[in-house]
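Undergrad: Just so we're on the same page, our numbering is the position in the sequence shown counted from 1, plus 508.
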Amino acid sequence: MSFRTLVVVSLAALLVVPALAIAQDRPADNAQLVRDKLQADKKLAVAQGLALTQAESTAFWPVYDRYQTDQGRVMDRLLQVIGDYAGAYENMTDSTARRLLESTMGVYRDRQALMESYLPKFRAVLPERKVARYYQIEQKIRAMLDYEIASQIPLIR
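#1: Just how far apart, CA to CA, sit residue 664 and residue 586?
#2: Please report the distance separating the alpha-carbon of residue 556 from that of residue 608.
#3: Residue range of the alpha helix (DSSP H) that residue 582 falls in?
#4: Quick one: measure Cβ to Cβ for residue 642 and residue 634, integer angstroms, because I've assumed they're closer than 8 Å.
#5: Would you kindly work out how many angstroms separate the C-alpha atoms of residue 661 and residue 646, rounded to a whole number?
#6: Helix, strand or coil for residue 612, going by three-state DSSP, please let me know.
#7: Any Cβ of chain C within less than 7 Å of the Cβ of residue 659?
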């Protein structure tokens, strides 16, 4: 499976399966199973994209795992904002739109700050070219995810 196919399939599952679970009153365990699968798929894509040596691998994966955990917290906030938007969509007021926009901008700022805060940590465990490649991989995944999310959310009326 190609990197792009792996990511697109994973992102589609990220968006569709939790919504189906909520719509069918299924336990949150389903969403967590999907999230775990997506993280494993992403890790595989990163591993394929970086081609780490054994020494690099030993040093990189613990930093990667911490970063993904922190990134997950930011993603949870984004998903909360999306849920708030969905709940307010039919009766959107200017004050609600303002609050949602400010929350979204806060998520984006925090996402950028997190990337910057981890840069020295990744530089400590990988050569600069592999750090740059890793950030490219993350950016490609993020861009695909942002696109998928944006394509599923209707514009405010």
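Where a beta carbon is used, it is the ideal one built from N, C-alpha and C, also for glycine. Predicted, not measured: the structure shown is a model, and the values here were computed from it.
TA: Walking through what the data contain:
#1: As a working mapping, residue 664 is identified with position 156 in the sequence shown. As a working mapping, residue 586 is identified with position 78 in the sequence shown. Distance between the alpha carbons of residue 664 and residue 586 is about 17 Å.
#2: The residue you call residue 556 lines up with position 48 of the sequence shown. The residue you call residue 608 lines up with position 100 of the sequence shown. Looking at the two C-alpha atoms, the distance is approximately 37 Å.
#3: On the sequence shown, position 74 is the one that residue 582 refers to. Note, residue 582: alpha helix (DSSP H), 562-596.
#4: As a first step, residue 642 is located in the sequence shown; it is residue number 134 there, counting from the start. As a first step, residue 634 is located in the sequence shown; it is residue number 126 there, counting from the start. About 7 Å separates the beta carbon of residue 642 from that of residue 634, a gap short enough to meet the 8 Å contact definition.
#5: By 1-based counting over the sequence shown, the position of residue 661 is 153. By 1-based counting over the sequence shown, the position of residue 646 is 138. So the two alpha carbons sit approximately 22 Å from each other.
#6: One-based indexing of the sequence shown puts residue 612 at position 104. Note: residue 612 maps to helix in three-state DSSP.
#7: In the structure shown, chain C does not exist; there is a single protein chain.
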